[in-house]
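A.B. asks: Structure provided below as structure tokens; questions to follow.
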Amino acid sequence: MTINVVVADDHPIVRFGIRRLLEEREMIHLVGEAGNSSELVNLLAKSPCDILVTDFSMPGGNFKDGLFLIGYVRRYFPHIKIIVVTMLENLAILRGMLKLGVHSILSKLDEQSSIADIVCVVADGSRYIPAGLATRLHDSVADDTEIDASKLSGREVEVVRLFVSGLTISEIAFQLSRSVKTVSSQKTNAMRKLGLDRDVDLYHYATRTGIT
Numbered sequence: 001m002t003i004n005v006v007v008a009d010d011h012p013i014v015r016f017g018i019r020r021l022l023e024e025r026e027m028i029h030l031v032g033e034a035g036n037s038s039e040l041v042n043l044l045a046k047s048p049c050d051i052l053v054t055d056f057s058m059p060g061g062n063f064k065d066g067l068f069l070i071g072y073v074r075r076y077f078p079h080i081k082i083i084v085v086t087m088l089e090n091l092a093i094l095r096g097m098l099k100l101g102v103h104s105i106l107s108k109l110d111e112q113s114s115i116a117d118i119v120c121v122v123a124d125g126s127r128y129i130p131a132g133l134a135t136r137l138h139d140s141v142a143d144d145t146e147i148d149a150s151k152l153s154g155r156e157v158e159v160v161r162l163f164v165s166g167l168t169i170s171e172i173a174f175q176l177s178r179s180v181k182t183v184s185s186q187k188t189n190a191m192r193k194l195g196l197d198r199d200v201d202l203y204h205y206a207t208r209t210g211i212t
């Protein structure tokens, strides 16, 4: 059985590393690579693919990134199984990925030598979540920052992430195809849920919890 794989990441060196690891397994065929959302969607539309190995934060392109892009792929390419390789550690975002149907979440901080094995596991229809992450997701005794973060909706998390990355409310509204009023309300609601009053506190919170 041949497993057709697409790799997406805005850093060429990351794509190179993943490609080299996947090429070690004969049954894995690398269909192509993408550096932004537009390249990814075009590639998926033209080339048969079983597995998408993608970063979460991948700026550039016309289809945004993050939860929006994952949702788009799940909606328009429902047969493709998704493996996310990311630096993010925030549980609210990670839960959001799983709710959208992501089959595996891997940390860029971990050893990736087994990624070919994980691709094979996911191709067989199984979900693979590393033990450490699974424990964090199911541990009822989470710390305060994790509990607070879990109060945010996926849309609120996206707004916070883009805001602390330096975008204005208007720029976020344009990127997410929402009204300025909606984005402003989502930012305000997120800060209220987190008990934060100032933008600087939101920056500090995002840095501490991984929403960057």
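Residue numbers (full-length UniProt numbering): 1 to 212. Idealized CB from N, CA, C, for every residue including glycine. Since the model is a prediction, treat every value here as computed from it, not as a measurement.
1. For the UniProt domain "Response regulatory" (4 to 123), list the beta strand (DSSP E) runs that are entirely contained and at least 3 residues long, ordered along the chain.
2. Going by other Cβ atoms of all chains shown within 10 Å of its Cβ, with 16 needed for buried, is residue 232 buried or exposed?
3. Hey, out of L100, T54, L194, whose CA is closest to K108's CA?
4. Taking R74 as the reference, which of T86, L44, M27 has the closest Cα?
5. Taking buried to mean at least 16 other C-beta atoms within 10 Å of its own C-beta, is N36 buried or exposed?
6. Less than 8 Å between the CB atoms is what I'm expecting for F56 and L88, so what's the real figure, rounded?
7. Quick one: is M1 buried, meaning 16 or more other Cβ sit within 10 Å of its Cβ, or exposed?
8. Can you tell me the Cα-Cα spacing of A134 and G66, whole angstroms?
9. What residue from K64, E26, V5 has the CA that sits closest to V159's CA?
10. How should E26 be labelled, buried or exposed, when 16 other C-beta atoms within 10 angstroms of its C-beta is the threshold for buried?
11. Taking the alpha-carbon of P48 as reference, which of V5, N90, M58, P59 has the nearest alpha-carbon?
12. Rounded to whole angstroms, what's the CA-CA distance from C120 to S104? Just pull it up for me.
13. Does the beta-carbon of I51 have 16 or more other beta-carbons within 10 angstroms, so that it is buried, or is it exposed?
14. Note the first and the last residue of the continuous alpha helix (DSSP H) segment covering L137.
15. I need the straight-line Cα distance from V122 to Y128, nearest angstrom please.
16. Do V183 and I172 count as a contact pair if the criterion is CB distance below 7 Å?
17. When we look at the beta-carbon of F174 and count the other beta-carbons within 10 Å, is it buried (16 or more) or exposed?
18. Quick one: Cα of T168 to Cα of L98, how far?
19. Taking only the alpha-carbon atoms, compute the straight-line gap between R19 and I118 and give it to the nearest angstrom.
C.D. replies: Reading off the structure:
1. 28 to 34, 51 to 54, 81 to 86, 104 to 107
2. The first residue shown for the chain is 1 and the last is 212, placing residue 232 beyond what the model contains.
3. Sequence index remark: in the sequence shown, residue 108 carries index 108 (1-based). Checked all of L100, T54, L194; the closest Cα to K108 is T54.
4. Here the question's residue 74 lines up with position 74 in the sequence shown. It is L44 whose Cα lies nearest to the Cα of R74.
5. Residue numbering aside, residue 36 sits at position 36 when the sequence shown is read from its first letter. Buried, since its Cβ has 16 or more Cβ neighbours within 10 Å.
6. As a first step, residue 56 is located in the sequence shown; it is residue number 56 there, counting from the start. As a first step, residue 88 is located in the sequence shown; it is residue number 88 there, counting from the start. Yes, F56 and L88 are in contact; Cβ-Cβ is about 6 Å, under 8 Å.
7. Here residue 1 is taken as the residue at index 1 of the sequence shown, counted from 1. Label assigned to M1: exposed.
8. Within the sequence shown, residue 134 is the residue found at index 134, counting from 1. Within the sequence shown, residue 66 is the residue found at index 66, counting from 1. Going by the C-alpha atoms only, they are around 21 Å apart.
9. Counting from one through the sequence shown, the residue named residue 159 turns up at place 159. With distances taken between Cα atoms, V159 lies closest to K64.
10. Position 26 of the sequence shown, counted from the first residue, corresponds to residue 26. With fewer than 16 Cβ atoms within 10 Å of its Cβ, E26 is classed as exposed.
11. Here residue 48 refers to the residue found at position 48 when the sequence shown is read from its first residue. With distances taken between Cα atoms, P48 lies closest to V5.
12. Here the question's residue 120 lines up with position 120 in the sequence shown. Here the question's residue 104 lines up with position 104 in the sequence shown. Straight-line Cα distance between these residues: approximately 12 Å.
13. The residue given as residue 51 occupies position 51 in the sequence shown. I51 comes out buried.
14. Walking along the sequence shown from the start, residue 137 turns up at place 137. Unbroken alpha helix (DSSP H) run through L137: 131 to 138.
15. Translated into positions along the sequence shown, residue 122 becomes position 122. Translated into positions along the sequence shown, residue 128 becomes position 128. Distance between the alpha carbons of V122 and Y128 is about 7 Å.
16. In the sequence shown, the residue the question calls residue 172 occupies position 172. In the sequence shown, the residue the question calls residue 183 occupies position 183. Yes, these two residues count as a Cβ contact at 7 Å.
17. As a position in the sequence shown, residue 174 is number 174, starting the count at 1. Burial call: exposed.
18. Locating residue 168 in the sequence shown gives position 168, where the first residue counts as 1. Locating residue 98 in the sequence shown gives position 98, where the first residue counts as 1. Between T168 and L98, the C-alpha separation is close to 28 Å.
19. Walking along the sequence shown from the start, residue 19 turns up at place 19. Walking along the sequence shown from the start, residue 118 turns up at place 118. The alpha-carbon atoms of R19 and I118 are separated by roughly 14 Å.
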